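Down below is the structure, laid out as structure tokens.
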Amino acid sequence: MVAAWLEQHMFARETDAKKLATAAPHHFNDASTHKSHGRRIGREEARKHGVKVIDLEDDPALQDAVLTAYHRGTIAFEHGSITKSLTSDTGRFWLKQRPPKS
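With the working numbering, the residue at position 7 of the sequence shown is 13, and numbering never jumps.
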């Protein structure tokens, strides 16, 4: 599924789209390399494996939007009762909260 999305979107204009779209997820899904979902993958490693990365520092408005979303999520998950959050591109959202302590 990831390879298909990459081929259709990120690599759509590349002559070797299928090859790029297959190689990237293969690398990032390699458990012997990454060990867990919690390990950080830096932008240079992502670029090395063909992922097109936009540096937030190059776009102050994008950086502000991303950091605002990150900080709001951090507050909701670390200091509130939120355990899961889903948001759509149309502005709709769904939150799951843990039950109150009795």
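Using N, Cα and C, we set each Cβ at its ideal position, and we do this for glycine too.
Bear in mind that the values here come from a model prediction, so they are computed numbers and not experimental data.
Residue j beta carbon less than 9 Å from that of residue i
{"i": "glycine 56", "j": "leucine 26", "result": "yes"}
{"i": "leucine 73", "j": "isoleucine 60", "result": "no"}
For residue i: DSSP bridge partner residues
{"i": "tryptophan 38", "result": "What sits at residue 38 in the sequence shown is serine, not tryptophan. Note: serine 38 sits in no beta bridge, so no partner."}
{"i": "isoleucine 88", "result": "Gln103"}
{"i": "threonine 74", "result": "Bridge partners of threonine 74: none, in fact."}
{"i": "threonine 93", "result": "Phe99"}
Candidates the options, of which the one nearest residue i by Cα
{"i": "alanine 29", "options": "Ala82, His43, Val8 and Arg45", "result": "Val8"}
{"i": "serine 49", "options": "Asp95, Gly86, Phe34 and Glu20", "result": "Here residue 49 turns out to be arginine, not serine, going by the sequence shown. Checked all of Asp95, Gly86, Phe34 and Glu20; the closest Cα to arginine 49 is Phe34."}
Cβ neighbours of residue i in the same chain (closer than 7 Å, five flanking residues each side left out)
{"i": "threonine 89", "result": "Lys102, Gln103 and Arg104"}
{"i": "alanine 23", "result": "Glu13 and Phe17"}
Other residues of its chain near residue i: CB distance less than 6 Å, five sequence neighbours each side excluded
{"i": "arginine 53", "result": "Val59"}
Same chain, Cβ closer than 8 Å to residue i, neighbours up to 5 away in sequence not counted
{"i": "glycine 79", "result": "Ser91"}
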